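Asks:
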Amino acid sequence: MRADRGRVRHLRSDPAVPVPEAAEADDTVVTVRIPATPERLPTLGALAAATAVAAGFGAGECGELRDAVHRVAAALLTRTVPGSAVDGTLTGRAGTVLVRLQAVTRAGPVPGHAVGAATPSLTHSAAAFRAPFDGAAGGHPTVVDLCWARPE
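Residue numbers (this note's numbering): 363 to 514.
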């Protein structure tokens, strides 16, 4: 589960999952920047659950999605450069939630696991990308994309 040197590795991908490319007028889009500390993880989970509500997910599905975002973000935080931040963009559209997390990380595998285990009732996909080392940033610019869709 590792992506480096500008390559993307799909951790699990389902072609039936629509991935929103750009926000549309009816989308709910939330952007957030939080310090890369474990104490701030509940913020990401709460925003993920709220975005899922806006996308029409049920209470159980919202909880599953919140837990999955928390697990992936926690794995990402273990690799972030000290003193850095995590940027998140959460997009909700009828029956679909897309979460993009961006951070500067040290070497090591890029997280993406636990997406499916935490969301058994939802169709899902995950992809991660880690760019080459950026001396100015002090680490590797890293992006983790997560997508969930309600089964039709």
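Cβ coordinates follow ideal geometry from the N, Cα and C atoms, glycine included. Quick caveat, the model's predicted, so the values are computed rather than measured.
1) Does the Cβ-Cβ distance between L427 and A414 come in under 8 angstroms?
2) If you follow the alpha helix (DSSP H) that L406 is part of, which residue opens it and which one closes it?
3) When DSSP labels each residue in this structure, what does G422 get in the three-state scheme?
4) Figure out for me which residue from G501, V466, L439 has the closest Cα to the Cα of E401.
5) Please classify D388 as buried or exposed, where buried requires at least 16 neighbouring CB atoms within 10 angstroms.
6) Give the secondary structure of V434 by DSSP, where H, G and I count as helix, E and B as strand, and everything else as coil.
7) So for R428, helix, strand or coil by DSSP?
8) Between the segment 492–500 and the segment 420–436, are three or more C-beta pairs nearer than 8 angstroms?
9) Enumerate in chain order the residues of its own chain whose CB-to-CB distance from H502 is below 8 angstroms, with the five nearest sequence positions on each side excluded.
10) Could you say which of S446, R462, T458, D429 lies nearest to I396 if we only look at CA atoms?
Replies: Straight from the coordinates:
1) yes
2) 403–416
3) helix
4) L439
5) exposed
6) helix
7) helix
8) no
9) D366, V466, T467, R468, A469, R492, A493, P494, F495, D496
10) S446
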